[in-house]
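So for the sequence shown, this note's numbering puts the first residue at 21; every next one is plus one.
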Amino acid sequence: MMEYADALQRLLAQAVQLSPESCPLDRVMGRVTAAAVHSPLALPTFDHAAMDGYALQVRETLTPGSEHAVRGSQAAGDGAGTTTGDACEIMTGARLPDGLNSVVAVENTQLLSAHADGTPARIRLLQTLDAGQNVRYAGSDVAMGSRILGSGIRIDAAHVMLLAALGIGALDVARRPRVAIICTGKELQVDRSQPLMAGCIHNSNGPYLAAALGEAGAEVHSCVTVDDTSVTYADALAQALDDDVDLVLSTGAVSMGRYDFVPELLRDRDAGLLFHGVAIRPGKPVLGARLAKGPLLLALPGTPMAVAAAMRFLVAPVLRAMMGQDSEPLLHAVLDTPQNPKPGLRHFLRANLHLDDDGRLHARVLPQQQPFRIYPYTESGAWVVLPENAGACDEGSIVEIVSLAHGRPPRIDRAPS
21 MMEYADALQR LLAQAVQLSP ESCPLDRVMG RVTAAAVHSP LALPTFDHAA
71 MDGYALQVRE TLTPGSEHAV RGSQAAGDGA GTTTGDACEI MTGARLPDGL
121 NSVVAVENTQ LLSAHADGTP ARIRLLQTLD AGQNVRYAGS DVAMGSRILG
171 SGIRIDAAHV MLLAALGIGA LDVARRPRVA IICTGKELQV DRSQPLMAGC
221 IHNSNGPYLA AALGEAGAEV HSCVTVDDTS VTYADALAQA LDDDVDLVLS
271 TGAVSMGRYD FVPELLRDRD AGLLFHGVAI RPGKPVLGAR LAKGPLLLAL
321 PGTPMAVAAA MRFLVAPVLR AMMGQDSEPL LHAVLDTPQN PKPGLRHFLR
371 ANLHLDDDGR LHARVLPQQQ PFRIYPYTES GAWVVLPENA GACDEGSIVE
421 IVSLAHGRPP RIDRAPS
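Set out below in structure tokens:
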């Protein structure tokens, strides 16, 4: 049985980074940059007013009581303007007229007179005005040509705002990994509109993996359910190969039972076995292979939490590598519930998180960790990871935590009362 770190390293060594593709801005949310992005513009693109008021030329400082003739008006969207007076009426976001470099807020002035059309003619300053005050200068946010995004960055709404402001209409992103899902088991019932037949269960692994893969940035190409025979599995596998997917995930038929045919089938097909059995709990029987002239395959155990753990700690890192993302940063928390894990296994434990009065993050491992239990998973905020050599972990120990799902931050709940 292989240690987790070695199994993961073997997988990552086989994960080929996918080619880039161009993606329009309105569909770029959640995609991963394929290369660094540099700004084609300065932002702001011109000097403009930070508030409504009057634009003036100030060498150093204008003092309260100084009076100024007002000529012209500049609104947002107007081009370059000029004025024949000392000052120009200006609106928030409007470009500064040529030769003027400061803006006094309208509430810090007194209107002394108006033109015949009602526009301001002469004002008096009520407060000191310094050179450059209330002006947003070109390039003060983003300099032209500066790097605004690195490679391997997952685009969020803040990035979309910046890209749109810079006039970037499309972006080179990593292609989404195409994944085929094969669920095995004659007990799996797919039609949820019908009552369960005797001895059957609803297939939860297929929909779960499809959802988790989408959340991780992959594209689910197919999701099929087959019975406990190698023939139907082989047919589904052949179809996945014909469809040129990047990764195949299967559930069930991977352990040591009579119907666990996947290991032998893969050997017969000359698949390059990377590992079969990893020292993790849950998910120990997991198998990894490179199919002959084909994609990576991960055969996961059939129990729900073994599938969830394998998805989070084996599949998600492979997807990140395929999309050119670095490994995730490690997070840590104070353990509230003592643990005595079995030696030699890396344990993935569902837990809740909360902050104490000093702002320290705490983890409370949930009591029901059996791999068949799904409901506690929905109540969890993160995984607690205990390494193979952890030994007994007392209350107050510092432990590693990982968010429940790839691409989602850990959920922090209210502190227990």
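Backbone N, C-alpha and C fix where the C-beta goes; we use that ideal spot for every residue, glycine too.
query: Buried or exposed: where does L216 fall if 16 or more other Cβ atoms within 10 Å of its Cβ makes it buried?
result: Counted from its first residue, the sequence shown places residue 216 at position 196. Exposure of L216 is indicated by the presence of fewer than 16 other C-beta atoms within 10 angstroms of its C-beta.
- request: Kindly indicate which three-state DSSP category E41 falls into: helix, strand or coil?
  value: Looking up residue 41 in the sequence shown gives position 21. Here DSSP, grouped into helix, strand and coil, assigns E41 to strand.
message: If I measure Cβ to Cβ from V210 and keep anything under 6 Å in the same chain, skipping five residues before and after, which residues do I get?
response: Within the sequence shown, numbered from 1, the residue matching residue 210 stands at position 190. Closer than 6 Å at Cβ, skipping near neighbours: N223, T245.
field: Span of the alpha helix (DSSP H) around V180
entry: For this step, residue 180 is matched to residue 160 along the sequence shown. First-last of the alpha helix (DSSP H) with V180: 177-185.
task: Go ahead and pull the three-state DSSP assignment for A299.
output: In the sequence shown, counting from the first residue as 1, residue 299 sits at position 279. Correct three-state label for A299: coil.
task: Select from A256, G292, H382, V199 the residue whose C-alpha is nearest the C-alpha of S417.
output: As a working note, residue 417 is residue 397 in the sequence shown. Selected option, being the one with the closest Cα: H382.
- request: Could you tell me whether the region 311-331 touches the region 272-290, using the rule of 3 or more Cβ pairs below 8 Å?
  value: The region 311-331 is in contact with the region 272-290.
task: Let me know if N154 comes out buried or exposed under the rule of 16 or more other beta-carbons within 10 Å of its beta-carbon.
output: Position 134 of the sequence shown, counted from the first residue, corresponds to residue 154. By the 10 Å Cβ count, N154 comes out buried.
message: Let me confirm a value: F392 is counted as buried when at least 16 other C-beta atoms fall within 10 Å, else exposed. Which label applies?
response: Taking the first residue of the sequence shown as position 1, residue 392 is located at position 372. Exposed.
- prompt: Got a sec, what are the start and stop residues for the alpha helix (DSSP H) V396 sits in?
  reply: As a working note, residue 396 is residue 376 in the sequence shown. Per the sequence shown, residue 396 should be read as Pro rather than Val. Boundaries of the alpha helix (DSSP H) around P396: 395-398.
message: Tell me the residue span of the alpha helix (DSSP H) that contains G226.
response: Here residue 226 refers to the residue found at position 206 when the sequence shown is read from its first residue. Boundaries of the alpha helix (DSSP H) around G226: 225-235.
query: Whose C-alpha, out of A125, R91, T129, R144, is nearest the C-alpha of D137?
result: Locating residue 137 in the sequence shown gives position 117, counting from the first residue. Nearest to D137 by alpha-carbon distance, out of A125, R91, T129, R144, is R91.
- request: Determine the closest residue to L351 out of R384, V405, A96, D377, with distance taken between C-alpha atoms.
  value: Position 331 of the sequence shown, counted from the first residue, corresponds to residue 351. For L351, the nearest C-alpha among the options comes from V405.
- request: Leaving out five residues on either side along the sequence, give the residues of the same chain with a beta carbon under 6 Å from the beta carbon of T252.
  value: As a position in the sequence shown, residue 252 is number 232, starting the count at 1. Within the same chain, T252 has close Cβ partners V246.
task: Could you check how far apart the C-beta atoms of E109 and Y74 are, in whole angstroms? I think they sit under 8 Å.
output: In the sequence shown, the residue the question calls residue 109 occupies position 89. In the sequence shown, the residue the question calls residue 74 occupies position 54. About 6 Å; that satisfies the 8 Å criterion.
query: By DSSP, does R30 sit in helix, in strand, or in coil?
result: Counting from one through the sequence shown, the residue named residue 30 turns up at place 10. Note: R30 maps to helix in three-state DSSP.
Cβ-Cβ distance between E399 and G364 below 7 Å: As a position in the sequence shown, residue 399 is number 379, starting the count at 1. As a position in the sequence shown, residue 364 is number 344, starting the count at 1. No, these two residues do not count as a Cβ contact at 7 Å.
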